[in-house]
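Numbering (the working numbering), first residue to last: 2 to 481.
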Amino acid sequence: MTDLSVRAVALQREHLDPGAFKQVLEDVLQPAVRCTLVAVALNLYEHRVPGYTQKRAIFDQDGLHTSALSSIPNIASRSNQPSLSSVFCLLLLSHTWAIAENFKKIPIQWCLLARIIFDNCEKGDEETSLYSREFARRTDIGLSLQESALFLVNNYMHIRPHSYESNIPPPYISDEEWHSSSHSSDLEQVHIPGPHTFFALFQPFINIVKRVAQEPGIGSPPWIEVIEQLEDYFFQFPERLLKFNKISHLYQFEAMIWLHGLFIVLYSTRDFINLLKKTTYLEVNRFNHLFEHSLLLGEIIPHLLSTNPHLESLTSTTIYLLCISSAIHCLALRQFIFQSDFAHISPPAKLITSTQAHIELLRALEDTYKRCDLQIIREFLHMLSTCLRAATRGSRTGVGNLSCEKLYLYRWTGAGTGMVQMREKDADLEWDYAELPSDKIWDGSTGLETELVVAILQMCEPAQRLCRSGFFDLSIMIPM
């Protein structure tokens, strides 16, 4: 998203007279935009600046936030004319710091204000340049995607993302032209976005994410509809991106993670506590689907890390879905820890490898990602590492110390604020289990371990695989 304003300026310079271009430059690269872009860049690329400390970066970013917001006319009440540049600034700020602990609900407020301003903007008529209209179109897509993400990740249910099923216009300018340095003079042609570009890959998720966040009941018509939409998304996925080693952009791997992560949520819940504690999700047919998509998500992780080890611009939705998948791996390992048979069965190599991939990504987030509350990352890292160690050693050592004492601050029920930590007194009100959050998360066997261990072993058998490894895949052959 960060190149939207820069590209708009570069493109319009070639087609506007000097006076009109000067006005575009003033509109698109106003002080608020400049401050916003620098603040985002300092956060994303801090590691690229020699000698630049995190403390200094946070200080500079805070000052830039203040400067950006104070420069937006709609906030400072210096103008009654809504500006797309204001929308763009607020969108970038909301997207970048959506799950930052020190911002709490502010990113939601930024997004809400951006939508109000956008809805009151003049989108342009036939006399408006195609580049201005394309800038508005892409800003609208980005804003709607952010609304859906806040709905899913931050549990902000008051946002009702706009439906794009029929309203979105076709591109005025192709992705190739938007991102290239030479531009076609034929401005009347209808453009089809390249299937591998960011907007082509993520625009379909706007409605899908919203529907998944509503957690439709399994087997209900809304649930079946969104399952079919996700399957259609896979079958329309660009063929050139199906092989992992052919991918060069982080967002292309993120699209794959979103697909499998959203399947996991559809078969379970958005709420970590309920997922880890309720045996409902351990019913074998249901767990097969959860484990299948979690394994497939795990196959993506090593390639994502090799493409961008600093995880620059990783979205809050991706981090949330990684945590959901980590919870599924904890449940899978739990079956080997608490299996009731006398003869210990070790976890299959496939499960171990996938768990290690999740751990590696969580560690990378802990080390390099500065835009979210790291407590939840550390908690899943600790839980996953403890479960893996116990399952492979055939010992329950350490598992008895696992609790919900920290995780219970992150809820998707009632007044829960999702990936942003709640106040303890609010979290206490949402807690509806007999035991305390500080008690053991699992109290022995559920009686389902034997059946689930067999299912997990079968799922991890190479012969069960429908597609060769190294490829983006929709499913593994589920054991009958």
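In this text, a Cβ means the ideal position worked out from N, Cα and C, and glycines have one as well.
Proximal residues to residue i (C-beta, below 6 Å), its chain only, five neighbours per side dropped
i    : result
H304 : F245
F473 : L243, M257
R212 : V227
E452 : V285
M478 : Q465, L467
L475 : F235
H96  : Q147
F199 : Y252
R271 : W413
I207 : S145, L146, S149, Y165
I378 : L363, L366, E367
Straight-line Cα distance separating residue j from residue i
i    : j    : result
Q459 : Q465 : 7 Å
F264 : L38  : 34 Å
S133 : D233 : 32 Å
D427 : Q215 : 22 Å
L363 : L315 : 13 Å
K371 : R469 : 36 Å
S86  : I142 : 15 Å
S221 : P32  : 50 Å
I325 : H359 : 11 Å
F89  : S68  : 15 Å
P348 : F381 : 19 Å
L385 : E436 : 22 Å
E229 : D176 : 27 Å
E135 : C112 : 20 Å
I346 : F337 : 7 Å
P463 : L332 : 21 Å
N289 : I457 : 8 Å
I73  : G471 : 47 Å
F22  : L366 : Confidence at F22 is low in this model, with a pLDDT of 43, below 50, so its placement is unreliable and no value can be given for it.
L267 : R287 : 11 Å
I225 : E255 : 24 Å
L70  : V34  : 10 Å
P217 : E178 : 40 Å
E102 : H383 : 20 Å
Y238 : P223 : Note that residue 238 is Phe in the sequence shown here, rather than Tyr. The alpha-carbon atoms of F238 and P223 are separated by roughly 23 Å.
Neighbourhood of residue i by C-beta, 7 Å cutoff - its chain only, sequence neighbours within 5 removed
i    : result
T387 : G399, V400, L403
F104 : W98
S269 : L276, Y282, L291
N309 : L251
L231 : I209, L260, L263, F264
C405 : I274, P438, I442
L408 : F273, I274, E380
S341 : S446, E450, T451
D440 : S404
V191 : Low confidence applies here, because V191 scores a pLDDT of 44, under 50, leaving its location unreliable and the question unanswered by this model.
C461 : P349, K351, L352
CB-CB length for residue i against residue j, believed under 8 Å
i    : j    : result
L91  : A115 : 4 Å
P1   : R138 : Because the chain is modelled from 2 through 481, residue 1 falls outside the range shown and cannot be assessed.
I100 : V455 : Not really, about 38 Å apart at Cβ, beyond 8 Å.
V482 : T318 : In the structure displayed, the chain extends from 2 to 481; residue 482 sits before or after that span and is not available.
I118 : P172 : At roughly 23 Å, the Cβ-Cβ gap does not stay under 8 Å, so I118 and P172 are not in contact.
C373 : I320 : 6 Å
I353 : L312 : 23 Å between Cβ atoms; not a contact.
N156 : G419 : 4 Å
L334 : A392 : 4 Å
Neighbourhood of residue i by C-beta distance below 8 Å, restricted to the same chain and skipping five residues each side
i    : result
E361 : I302, P303, L306
L65  : C36, T37, V39, A40, L43
E425 : L410
G445 : F339
Q253 : H197, L202, L242
G299 : S326, H330, T354, S355, T356, A358, H359
K247 : R241
T140 : L5, L85, V88, F89, L92, F119
S249 : T308
Any non-hydrogen atom of the ligand GDP closer than 7 Å to residue i Cβ
i    : result
L475 : Judged by which ligands are present, the structure shown has none, so any question about the ligand GDP falls away.
CB contact check: residue i to chain D, cutoff 8 Å
i    : result
I457 : Note that chain D does not occur in the displayed structure, where there is just one protein chain.
For this session: Indicate whether the contact test is met: 3 or more Cβ pairs, each with one atom in the stretch 421–431 and one in the stretch 378–397, closer than 8 Å.
Result: no
Exercise. Quick one: any contact between the stretch 273–287 and the stretch 235–253, if contact means 3 or more CB pairs under 8 Å?
Worked result: no
Problem set entry | 3 or more residues per run - each beta strand (DSSP E) lying fully within the stretch 356–389 | none
Problem set entry | Start-end ranges of the alpha helix (DSSP H) lying completely within the stretch 69–117, minimum 4 residues | If only uninterrupted alpha helix (DSSP H) runs of at least 4 residues are considered, those enclosed by the stretch 69–117 are 74–77, 85–97.
Exercise. If you scan the stretch 197–262 from start to end, which runs of the alpha helix (DSSP H) of 4 or more residues do you find wholly inside it?
Worked result: 199–203, 206–214, 222–236
Exercise. Can we say the stretch 408–425 touches the stretch 287–296, given the rule of at least three CB pairs closer than 8 Å?
Worked result: Touching, no, given that fewer than three Cβ pairs across the two stretches are closer than 8 Å.
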